[in-house]
Every structure is written in structure tokens, then in C-alpha cells.
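K.L.:
Could you have a look at this structure, given as C-alpha cells, before my questions?
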Amino acid sequence: LKLGSIETVRTQEDRPPAQIALGAPRSRPRPAARGHVLLPVRPGPAVALPRRQVGSEEPVGVHDIERVRGGLGIISDVRSSGNAALNKYCEKFDRVPHKRLSENDIEECLKKCSGQEILDIKYAQANIRRFAQLQRDSMKDVEVETQPGVILGHKHIAIKNVGCYVPGGKFPMIASAHMSVLTAKVAGCHRVIGCTAPMPGGEPGRLPGTTIAAMHLAGADEIYLMGGAQAIAAMAYGTETIQPVDFIAGPGNAFVAEAKKQVFGRVGIDLLAGPTETLLLCDDSVDAELATADLLGQAEHGYNTPAILVTTSEKLATETIAKVAEELKNIPTKETAAVSWQDYGEVIVVDNDEEMLEVAEEIAGEHVQVMHRNWDYFKQNLRNYGGLFLGEETNVAYGDKVIGTNHTLPTQTAGRYTGGLWVGKFIKTHTFQHISKEASVEIGDYCSRLSGYENFAGHKEQADVRLRRWKEGYDTKYYSGSANQTLLSRPGA
């Protein structure tokens, strides 16, 4: 059905039927609404835009996912053929072979940045570094005597080699350099490499100067000019000139996300980020101008960006729909914003804050902006989301670019089981133990029996060999000996 078609569905007996505006298929199923009204969104005809190819930075719709998967013979090709394959795909999609940037290249990029650009990048990075350091400081090593003679603990150890993918293309994600490279360096990672695609159009191989400056100022140890799935493969498996990494972080288009999925296991990854999502939770204290700005500010990301308003105010709902339609005539990024709003925009009217919370839990949005008199209610009670933006004074763009929290967040309801990228993603937590001989006898008695219950004779012997040394009169090996304690070794057990 076309967007704006209305279907009446039965809900709870004590509620009237709900009206649901049926739009284009979504990247995730929407649970059945209970007493909500989803107002139709009609911004006008969408602009049909061409999609670029596998290695590009342009967004790719979720309906192209089979084409995405089919196009990723790139991964095995780069794995087996190294630089030859990497350069083949870089030349195909980005017109030039990959390149490790020299000190002179980086210096030229810094020189081309204005003084204001450098100051702005440094301001954002100072905020992000400050918050990442606070997070790192909250992660404490533990070493404690849990019972007499038993010392248990854990250590937080930074991942040694990290690769950071920084999207380029039409919307170069300069901030992703801060969010990944800088955060990894705060975590203490020994080697952090960054990569980004060359600028599209114009002379082939043009360097995205501000992005490279941001990676350098964030502390990248190596910077490569390469993008797309081929860059993910090169970082994961290495080539003749690129040493492989242990972990890959950073957002990208559908091809990059699928590439990260395919190399997972060979390397760790931060998360599988889908299209950007924004969810506004508003009461009648908010006006349509603010709501419109905050919806379209994220809808412009791509052609498949869900932008949803949930409100207790039908007045705000209707005024926002009208205001969005008006604003889409003027916003310079209307080619993407209009398509996302038409295909993925929603406005949902609910009866009360409790119902608003319920809807938000079901959606589990990436960015949840709460502009509400009692925003603390949602701070205290909302469980499923990527990041929270509380009060009309802040907004998602602040988090995306500058305020200090990380902008790489879970999408497609993944906020039900994970948070976003943070300093802890670059850190492994490893446990250790050491005990006294007296404690070994006590623990060993239990371990011998418990291992025997499971028929693990070798595990049992690990305990028994120590009991024979340190427990007087103990003579059991495997299931033989007068001191044998294992039930499964006894007749009739």
C-alpha cells in the first residue's frame, strides 16, 4: 500500500480502533500498536536517486542486502590476493589504488585546513577525550581474597591492534575519527590505524583534508586512503604492506556493515550499525519548529533513515507534519531527507507518558531525544535505546559531532542487548587466580567430585594429583583408590 493508506485494526476491548499509516517495508518489524495513532506523512513525491556501487560511500537500501552479500567476494579476493586485489577494487570504486599517507601528505592536509577548522576539531576532541578518560577511569582492576587462601581478580587490557573505518563520500564523517581513533588511544591501544575513502568527483585521489587532520590529531599511528568493503578486508586479513588488526570499529554503508559481519571472528568488531535512526519523545511543551529540525537533522543521513515522533500532543503531531513538508522545500539535503521522511517517517500520538515509554521500548531507537517537562521519567525508566538526549537544550547533532559521548550507537533494535561504542569496547577483561596449598586441598575436593559427576576423568585428575600431594592419605587417580569420592564410579550409581 502507498504511504498514507489507512487500515483499522482491533485493539484492547476498552480502546477504540487504532489508525495505522502503512508505509514502505521497514528494516525491522513494528510490534502491533495498542491505542496509538500513526499519522500519515506526506512530504510530496520522493526524488528517485541512483545508487552507487559496492565500494562507494553512498547509502544502500535494506532491500539491496542480497546484492550487498553477493558483491562481497571482495573479502575472499583481498584475503587471498592482498594488495593486488585491494588496489583492483580501490581503482574500480574510488578511481585510485590504496595509499598509506606519508608525513608530508598529512602535513599538507593540516595546512589546507583553516585555523577555525583546526580549533573546532580540537575542541570536539577535547570533549570526547575527557569523557572517554572518565569512562576508562571507571574501569577498575580487581584482586581480592574471596575465601581464605583464594585470590581472584581481573585485569583490563587494551586491544593491541585496532583498525578504525571513517566514512567518506558525500557526507565525510569527520567526527567518526574522534569517536573511534581517539577513543581507542584513550583506551591504551598500542597501534591504531585509520582509513577513509578519497573524495568523490573531481581529480581522482583527492585527500579529504579535514578527515585526515582529525585522524592525525586523534592519534592515528597509520592512515590509509582506502574505503569500502575492500578496506575492511585489508585491515582484517592484512596485505603485503598492511599488518592485520585485532579489532575494527567505525560506521559505514551497507557494504561496510556486511564486510564487518563477514570478518567477525577473525577480528572483533564494535557493532553492526544500520541506517541512522532518530526517535523524538515529546509532550506539548515543545513546538513544531524544534521537532522538525530534530527529525530532519537525522533524516538527511540517507534514503532509509527512520525519523519518528511520539507525542501526547495531537496538536504538535499535526503541526510537525505540516512544518516538515514546508521545511523540505528549503533544506539543502532534501534529496535524502525527503526520501527518508516519505518512506520511513512516522508520527505517533499516544494517550500518556506510560504509553510513550512502551512505544519507545518497542522501537529501541538509536537516538532517543526526550523533549518533555518530565524527561527524568524516561531517563530513569527507558531501557532499550542507543543514546539519550534529555531536554530541548540538547539534540542528536551535539552528540554526533562535539559534546563528548560517542556517536557510534546500536541500530535496528540492537539497543535491547548492547550499548554503543565506548572506551570499554577497545579493552579486554581477563581474569586470574592464585591460591595457597591449603585452599587447593579444599577446592580440589569439590573439583574432583564435580568433575567425576560429569565423567571428565582428566579434569578430575587435575584435582586428584594435587590432593595426593597435599592431602594426607589421599590415593585416588582417575576412579581408583580408597579415597575415591566420585559417585559415577561406584557400582549402581
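The sequence shown begins at -17 in the numbering used here and counts up one residue at a time.
The C-beta atom is built at its ideal place from N, Cα and C for all residues, glycine as well.
When the Cα atoms are used, what is the spatial distance from Asp269 to Leu298?
P.N.:
Taking the straight line from one Cα to the other gives about 7 Å.
K.L.:
List the residues that DSSP assigns as beta-bridge partners of Met121.
P.N.:
Met121 pairs with nothing; no bridge assigned.
K.L.:
Please determine if the region 337 to 346 and the region 296 to 311 are in contact, where contact requires at least 3 C-beta pairs separated by less than 8 Å.
P.N.:
No: fewer than three Cβ pairs fall under 8 Å.
K.L.:
Thinking just about the alpha-carbon of each residue, which of Leu278, Gly250, Leu253, Leu291 is nearest to the one in Pro314?
P.N.:
Comparing Cα-Cα distances from Pro314 to each of Leu278, Gly250, Leu253, Leu291, the minimum goes to Leu278.
K.L.:
Taking all protein chains shown into account, decide if Asp266 is buried (16 or more other Cβ within 10 angstroms of its Cβ) or exposed.
P.N.:
Burial call: exposed.
K.L.:
Tell me whether Leu339 sits in a helix, a strand or coil according to DSSP, three-state version.
P.N.:
Helix.
K.L.:
Could you name the residues of the same chain whose beta carbon sits closer than 7 Å to that of Arg111, not counting the 5 residues immediately before and after it, in chain order?
P.N.:
Leu164, Val168.
K.L.:
Counting beta carbon pairs with one atom in the region 153 to 160 and one in the region 220 to 227, are three or more of them shorter than 8 Å?
P.N.:
Touching, no, given that fewer than three Cβ pairs across the two stretches are closer than 8 Å.
K.L.:
For the 8 Å Cβ check, are there 3 or more pairs between the region 185 to 192 and the region 83 to 95?
P.N.:
Result yes; three or more Cβ-Cβ pairs closer than 8 Å.
K.L.:
What three-state label does DSSP hand Val384 in the structure shown?
P.N.:
Val384 falls in the coil class under three-state DSSP.
K.L.:
Look up Pro32 in the DSSP assignment and say whether it is helix, strand or coil.
P.N.:
Only weak support is given to the placement of Pro32: the predicted model assigns it a pLDDT of 30, under 50, and the question is left unresolved by the model.
K.L.:
Can you name, in chain order, every residue of its own chain whose Cβ lies under 7 Å from the Cβ of Glu271, other than the five neighbours on each side?
P.N.:
Excluding positions up to five away in sequence, the list reads Lys305.
K.L.:
Taking the runs of the beta strand (DSSP E) that are 3 residues or longer, which of them lie wholly in the region 270 to 318?
P.N.:
The region 270 to 318 contains these whole beta strand (DSSP E) runs: 289 to 293.
K.L.:
Between the C-alpha atoms of Phe75 and His136, what's the straight-line distance to the nearest angstrom?
P.N.:
Taking the straight line joining both Cα atoms gives about 45 Å.
K.L.:
Would you say Gly347 and Pro288 are within 9 Å of each other, going by their C-beta atoms?
P.N.:
Yes, the pair counts as a contact, with Cβ atoms nearer than the cut-off.
K.L.:
Helix, strand or coil: how does DSSP classify Ala231 here?
P.N.:
Three-state result, Ala231: strand.
K.L.:
Taking His476 as part of the beta strand (DSSP E), name the residues at either end of that continuous run.
P.N.:
A question about residue 476 goes unanswered here, because the residues of the chain that appear run from -17 up to 475.
K.L.:
Kindly indicate which residue of Asp333, Thr260, Thr318, Arg173 has the alpha-carbon position closest to the one of Glu296.
P.N.:
For Glu296, the nearest C-alpha among the options comes from Asp333.
K.L.:
Determine the extent of the beta strand (DSSP E) in which Glu328 is found, giving its start and end residues.
P.N.:
Here the beta strand (DSSP E) through Glu328 covers 327 to 331.
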